Amino acid sequence: MYQQLFVMQIESSVLYLTAASIGFFHTLLGPDHYLPFIVISKARKWSLWKTNLITFVCGVGHVASSVLIGFVGIFFGVAVNKLTPIEASRGSVAAWLMIAFGLVYFIWGIRKAYKKKEHTHEHVHEDGTIHVHKHTHFVEHAHVHERKSIKELTPWILFTIFIFGPCEPFIPLLLYPAAQNNIFDIALVTIIFSSVTIGTMMLIVTTSLFGFKILPKVNIERFMHAIAGATIFLCGISIQFLGL
């Protein structure tokens, strides 16, 4: 009896370690888990607190959707191999959403960069004096409501994308404890995988933003929105066509 209990404890420990390892490497090797937050944070000049809050909320949505599908599958006795196509289709939707968002944001960023370009205007007065002054369309003619609406929508768009984004490795993790009807292990595996996934997302985002601060400053601020859009677009492309 004690030997059997010991074996069960070993199996559970291995399961927990596997959940933590898969959560960590699944996030680390998937740049779509953190790059969008890094580049948008730099472009929008979000504070570290705001960036981490948005990353956390999107991470919760990302994990919760797969947890819900996994639990529904367990409850109705659906085989894991039948849930995998659902996760794959959700991944395709998330990739196309990321591609569309990145492309639109890139085009908007290019337009914004052009408006922000400083140029000069000459004015000839009646006495013949020529007056030259610097002029920026972005400052003087940008539509305030347009800028505000984009700022408000960006976090919600990211959240929507991450809800559709699947945690493919999570579903198979539930197979072993579900087969044994071990509710405790099911719950603990879920908590460990979710915590490590979200924690890794926030850790990479935070570390990267601190890293940017110590790098030599390059005058690319005008193009940051375009760079952010291009990065998100390429993340979507890599997911959809390269399987990253």
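Each residue of the sequence shown is one higher than the last, beginning at 23 in my numbering.
Positions of the beta carbon are idealized from the N, C-alpha and C atoms, including for glycine.
Only a predicted model underlies this, so the values are computations on that prediction, with no experimental measurement involved.
Per the coordinates, the alpha-carbon of Leu231 lies some 36 Å from the alpha-carbon of Leu105. Contact between the segment 189-207 and the segment 60-73 is absent: fewer than three C-beta pairs spanning the two stretches fall below 8 Å.
By a beta-carbon distance limit of 8 Å, Phe186 contacts Ala116. Their separation comes to about 4 Å. For Tyr136, the three-state secondary structure derived from DSSP is helix.
Our two residues, Leu39 and Thr212, have alpha carbons roughly 12 Å apart in a direct line.
Apart from the 5 residues on each side of it in sequence, Trp68 sits with its Cβ closer than 8 Å to the Cβ of Ile62, Ile76 in its chain, given in chain order.
Shortest Cα-Cα distance from Thr176 to any of Ile108, Leu210, Thr73, Lys137 involves Thr73. Going by beta carbons, Ile254 and Gly131 fall outside the 8 Å limit. Rounded to whole angstroms, Val94 and Asp207 show a C-alpha spacing of 17 Å. When the alpha-carbon of Phe184 is set against those of Ser43, Ser34, Thr49, Ile32, the nearest one is in Thr49. Look at the segment 170-212 and you find no whole run of beta strand (DSSP E) that is 3 residues long or longer.
Taking C-beta atoms as the reference points, Ile220 and Val85 count as a pair closer than 8 Å.
Across the set Phe234, His55, Ala122, the C-alpha of Ala122 shows the shortest separation from the C-alpha of Ala252. Around Ser88, the same chain offers Pro188, Cys189, Phe192 as residues with beta carbons nearer than 6 Å, after the five sequence neighbours per side are excluded. Rounded to the nearest whole angstrom, the C-alpha separation of Ser114 and Arg244 is 32 Å. Straight through space, the alpha carbons of Ser43 and Arg133 are spaced by roughly 43 Å. Distance check between Tyr56 and each of Asn204, Leu264, Cys257, Asn203 places Cys257 closest, using alpha-carbon atoms only. In this structure, Ala200 lies near Ile96, with their beta-carbon atoms less than 8 Å apart. In this chain, the alpha helix (DSSP H) harbouring Gly95 covers 70-97.
Relative to the Cα of Leu70, the nearest Cα in the group Phe234, Gln31, Ile129 belongs to Phe234.
Distances from the alpha-carbon of Trp178 to those of His247, Phe47, Val79, Asn203 put Val79 closest. For Ala209, same chain residues with a beta-carbon under 7 Å away, outside a window of 5 residues either side, do not exist.
The beta carbons of Ala250 and Ala135 sit no closer together than 8 Å. With respect to Thr228, Phe46 sits apart: the two C-beta atoms are not nearer than 8 Å.
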